[in-house]
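Here the structure is laid out as C-alpha cells; the discussion comes afterwards.
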Amino acid sequence: MQMGIPHFLAIPFPVQGQVNPIMTFCQVLANRGCKVTFLRTEFSHKRVKDKQEGSQIKFVTLPDGLGPEDGRVDVMKVLYSIKSTMPSLLPKLIEDINASDDENKITCIIVTMNMGWALEVGHRLGIKGAFFFAASAASMASCYCIPRLIEDGIIDTDGHPTKKQEFQLSADLPKMNTADLPWLSLGKSFFTDQLVPELETMMKLGEWWLCNSSYDLEPGAFSISERLLPIGPLMIENESNQSSFWEEDTTCIDWLDHQTPQSVIYVSFGSLAVMDPNQFKELALGLDLINKPFLWVVRPGNDNIAYPDEFQGAKGKIVGWAPQKKVLSHPAVSCFISHCGWNSTIEGVCSGVPFLCWPFFSDQFLDKSYVCDVWKVGLGLEKDEHGLITKEEIRKKVEQLLGDENIKARSSKLKEIAISNMEEVACSSKNLEKFIKWAK
Ligand code: UDP
Numbered sequence: 001m002q003m004g005i006p007h008f009l010a011i012p013f014p015v016q017g018q019v020n021p022i023m024t025f026c027q028v029l030a031n032r033g034c035k036v037t038f039l040r041t042e043f044s045h046k047r048v049k050d051k052q053e054g055s056q057i058k059f060v061t062l063p064d065g066l067g068p069e070d071g072r073v074d075v076m077k078v079l080y081s082i083k084s085t086m087p088s089l090l091p092k093l094i095e096d097i098n099a100s101d102d103e104n105k106i107t108c109i110i111v112t113m114n115m116g117w118a119l120e121v122g123h124r125l126g127i128k129g130a131f132f133f134a135a136s137a138a139s140m141a142s143c144y145c146i147p148r149l150i151e152d153g154i155i156d157t158d159g160h161p162t163k164k165q166e167f168q169l170s171a172d173l174p175k176m177n178t179a180d181l182p183w184l185s186l187g188k189s190f191f192t193d194q195l196v197p198e199l200e201t202m203m204k205l206g207e208w209w210l211c212n213s214s215y216d217l218e219p220g221a222f223s224i225s226e227r228l229l230p231i232g233p234l235m236i237e238n239e240s241n242q243s244s245f246w247e248e249d250t251t252c253i254d255w256l257d258h259q260t261p262q263s264v265i266y267v268s269f270g271s272l273a274v275m276d277p278n279q280f281k282e283l284a285l286g287l288d289l290i291n292k293p294f295l296w297v298v299r300p301g302n303d304n305i306a307y308p309d310e311f312q313g314a315k316g317k318i319v320g321w322a323p324q325k326k327v328l329s330h331p332a333v334s335c336f337i338s339h340c341g342w343n344s345t346i347e348g349v350c351s352g353v354p355f356l357c358w359p360f361f362s363d364q365f366l367d368k369s370y371v372c373d374v375w376k377v378g379l380g381l382e383k384d385e386h387g388l389i390t391k392e393e394i395r396k397k398v399e400q401l402l403g404d405e406n407i408k409a410r411s412s413k414l415k416e417i418a419i420s421n422m423e424e425v426a427c428s429s430k431n432l433e434k435f436i437k438w439a440k
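Start counting the sequence shown at 1; every next residue gets the next number (the numbering used here).
In C-alpha cells form, the structure reads like this:
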C-alpha cells in the first residue's frame, strides 16, 4: 500500500436506503485508489447477505445497543439506541483500525444522516468529516433552509406547517407542499431532538455535504451552499449488491430473460413503505387488469396484507426482494411503479425507465415532483375520494404511460445525461477528485 492515500471510514445509519448508496460510493472511492473501512452494526452485519470477505473494502462492526429480540423496524428506537451506545465505543475502534495500518490512518469519516455524532468523535481525534446525503439535493436544501422557513412563518419551531400551502425555496427548485415536508412523517421529537441538532453538527463539522446527484439533474439545488457537492449518479459496472438486508431472488432475472423486450412492469416500494391492506388488494387487481407481465416486490414480514381471492397474477412474478439495479436495466422492463425513494429514482433514471409515481412519505413527494414536473419522465397516480388508488386508476395510468412516446424519449435522453455526469471530464467526476484530494 502506497503512503499518503486517503483512508475513509464510512458510517451509515443502518437502513437500506442509506447503506446502499454509501456502499456504492465506497466502492467508487476504492476503485480510485482510496482505502475504505465500512462500519456496520453487528445486527446489520449478520443480516447482510453478501459479507464480501475479500473485497477491497474492510468491514468493521459495533453493537447498536439493542438485543437480537428487539427487531429493527422502529427506526427511531434504533437511532436513539445507537446514539447512546456507539459514541463511547468508536474511539477505541478507530484506534484499533489505525494501529493495524500505521501508514494509512483514517483521514476522513463519512456519515449519512443521523450519524453526525460520529463526526464529533472524529473531530476530537483530529479526523476530517463529511456528510453523504442519501436523498436529493433539493431535499437537503429544504432541511438547510429550516431557519428561513421558520422565519418566513411557513413552519413553526416544532417543524409543523403553519398552514397547508405550496412554496418554493428558489425559483429553479420544484414547488413543495408543506404537507409533504420530509421530516413530518417522523414526528415532532425527531424534528427538535434529532434533525435540528444534526443540521447544526453538519454546519459545524461536515466540510462537504455529498449528494448522489448532479448539476444536470438538479440544476437549482446546489446554489444554496458551496459545501453541497454533487458526486453522482454513483454507478459501478456489474455491481454486486454488498449490502442487501434481504436475500435477492435472482430467479426473476431468468424470468425477465424470457419476457418480450419492453413488456414488464416492475413494481417496488423500497425497504420501508408499508401498504394498507385494502390498497394492496387494489394494486393486485390493477396488475391483473393491465394484462401485461409484471414483476412485483412484496417484502416478507407484513402479515396484514393478503392477496384478494379474485387475484390471478397469471402474467406476473412476485418476489420478496429483487436485485433492483439489474432488474431496472433489463431490456424486458417497460416501466417502474415506484414509491420514489431517491435511490430508486436515481436507479430508474440511470436505466432510462419511465415511472409511475406512488410516493408514501418523507422526500418521496419531492422526488415525484422531479420525475413528473421537472424531468417529465413519469406520471403520478391520483387517489379517489376514499384515499385509495383504485385498480382502474392503476390500469389507466400504466396504459397512458406506456403509450406516451414523449415520456419514453425523455427517459432515454435523461439516462444519457445522467450517465455522462460520471465521465472523466464531467462535473460529478471532477467533484469526486476534488473531494479525494481534500481528504488526503
Ligand atoms: N432495493 C433492492 N431490491 C428491492 C427493492 C429495493 O435492491 O427489491 C434497493 C433499491 O435498489 C434501493 C434501495 O433498496 O437502492 C431502496 O432505497 P430507496 O431510497 O429507493 O427507498 P427506501 O427503501 O429508502 O424507502
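Beta carbons: idealized from backbone N, C-alpha and C, even for Gly.
Delimiting residues of the beta strand (DSSP E) encompassing residue i
{"i": "tyrosine 266", "result": "264–268"}
{"i": "glycine 71", "result": "Looking at the DSSP string, glycine 71 is not in any beta strand (DSSP E), and its letter there is neither H nor E."}
{"i": "alanine 10", "result": "7–11"}
{"i": "alanine 141", "result": "Element bounds for alanine 141: not the beta strand (DSSP E) but the alpha helix (DSSP H), 137–144."}
{"i": "valine 297", "result": "294–297"}
{"i": "tryptophan 209", "result": "208–211"}
{"i": "lysine 281", "result": "Careful: lysine 281 lies outside any beta strand (DSSP E), inside the alpha helix (DSSP H) at 277–290."}
{"i": "valine 319", "result": "316–319"}
{"i": "leucine 379", "result": "378–380"}
Identity of the residues DSSP links to residue i by a beta bridge
{"i": "methionine 176", "result": "Phe167"}
{"i": "serine 338", "result": "Ser268 and Cys357"}
{"i": "proline 40", "result": "In the sequence as presented, proline is not what sits at residue 40; that position holds arginine. Per DSSP, Thr61."}
{"i": "valine 333", "result": "Val264"}
{"i": "leucine 228", "result": "Trp209"}
{"i": "isoleucine 155", "result": "Pro161"}
{"i": "alanine 130", "result": "Ile110 and Trp208"}
{"i": "lysine 35", "result": "His7"}
Contact check, residue i vs residue j, beta carbons under 8 Å
{"i": "aspartate 363", "j": "tryptophan 342", "result": "yes"}
{"i": "asparagine 104", "j": "isoleucine 236", "result": "no"}
{"i": "arginine 395", "j": "leucine 289", "result": "yes"}
{"i": "glutamine 324", "j": "serine 369", "result": "no"}
{"i": "glutamine 18", "j": "methionine 140", "result": "no"}
{"i": "leucine 79", "j": "phenylalanine 133", "result": "no"}
{"i": "threonine 61", "j": "histidine 45", "result": "yes"}
{"i": "isoleucine 305", "j": "phenylalanine 336", "result": "no"}
{"i": "cysteine 350", "j": "serine 338", "result": "no"}
{"i": "glutamate 248", "j": "lysine 391", "result": "no"}
{"i": "serine 244", "j": "valine 48", "result": "yes"}
{"i": "aspartate 158", "j": "lysine 188", "result": "yes"}
{"i": "serine 81", "j": "aspartate 64", "result": "yes"}
{"i": "glycine 378", "j": "phenylalanine 355", "result": "yes"}
{"i": "glutamine 242", "j": "serine 55", "result": "yes"}
N- and C-terminal bounds of the alpha helix (DSSP H) containing residue i
{"i": "threonine 61", "result": "Where threonine 61 is concerned, there is no enclosing alpha helix (DSSP H), although the beta strand (DSSP E) it sits in stretches over 57–62."}
{"i": "isoleucine 419", "result": "405–420"}
{"i": "glycine 17", "result": "16–31"}
{"i": "phenylalanine 435", "result": "427–439"}
{"i": "leucine 366", "result": "364–369"}
{"i": "valine 442", "result": "Only positions 1 to 440 of the chain appear in this structure, which leaves residue 442 out of reach."}
{"i": "cysteine 252", "result": "251–257"}
{"i": "lysine 396", "result": "391–402"}
{"i": "alanine 306", "result": "Taken as a continuous stretch (DSSP letters only), alanine 306 belongs to no alpha helix (DSSP H), as it is neither H nor E."}
{"i": "glutamate 120", "result": "117–124"}
Which listed residue (the options) has its alpha carbon closest to that of residue i
{"i": "glutamate 310", "options": "Trp321, Leu285 and Gly301", "result": "Leu285"}
{"i": "isoleucine 106", "options": "Glu120, Thr37, Asp64 and Gly71", "result": "Thr37"}
{"i": "aspartate 254", "options": "Glu226, Gln242, Ile231 and Lys326", "result": "Lys326"}
{"i": "histidine 160", "options": "Lys437, Ala137 and Leu186", "result": "Leu186"}
{"i": "proline 14", "options": "Ile57, Glu282 and Leu66", "result": "Leu66"}
{"i": "leucine 328", "options": "Asn291, Met422 and Ser411", "result": "Ser411"}
{"i": "leucine 319", "options": "Trp296, Trp246 and Asn431", "result": "Reading off the sequence, residue 319 comes out as valine, not leucine. Checked all of Trp296, Trp246 and Asn431; the closest Cα to valine 319 is Trp296."}
{"i": "histidine 123", "options": "Ala137, Cys108, Ser136 and Ala135", "result": "Cys108"}
{"i": "isoleucine 97", "options": "Thr390, Phe59, Cys26 and Ser84", "result": "Phe59"}
{"i": "proline 21", "options": "Arg32, Ser88, Leu125 and Ser136", "result": "Ser136"}
{"i": "isoleucine 231", "options": "Tyr215, Ser225 and Ala221", "result": "Tyr215"}
{"i": "glycine 206", "options": "Gln262, Leu119, Leu39 and Ile436", "result": "Leu119"}
{"i": "glutamine 16", "options": "Ser344, Glu239, Met275 and Glu166", "result": "Ser344"}
{"i": "phenylalanine 222", "options": "Asp257, Tyr144, Ala439 and Pro359", "result": "Tyr144"}
{"i": "aspartate 384", "options": "Ser263, Glu393 and Val377", "result": "Glu393"}
{"i": "asparagine 291", "options": "Ser263, Asp276 and Thr85", "result": "Ser263"}
{"i": "isoleucine 389", "options": "Pro277, Leu184, Phe8 and Asp193", "result": "Pro277"}
{"i": "tryptophan 375", "options": "Val398, Phe294, Gln400 and Lys408", "result": "Lys408"}
{"i": "leucine 228", "options": "Ala130, Asp102 and Ser84", "result": "Ala130"}
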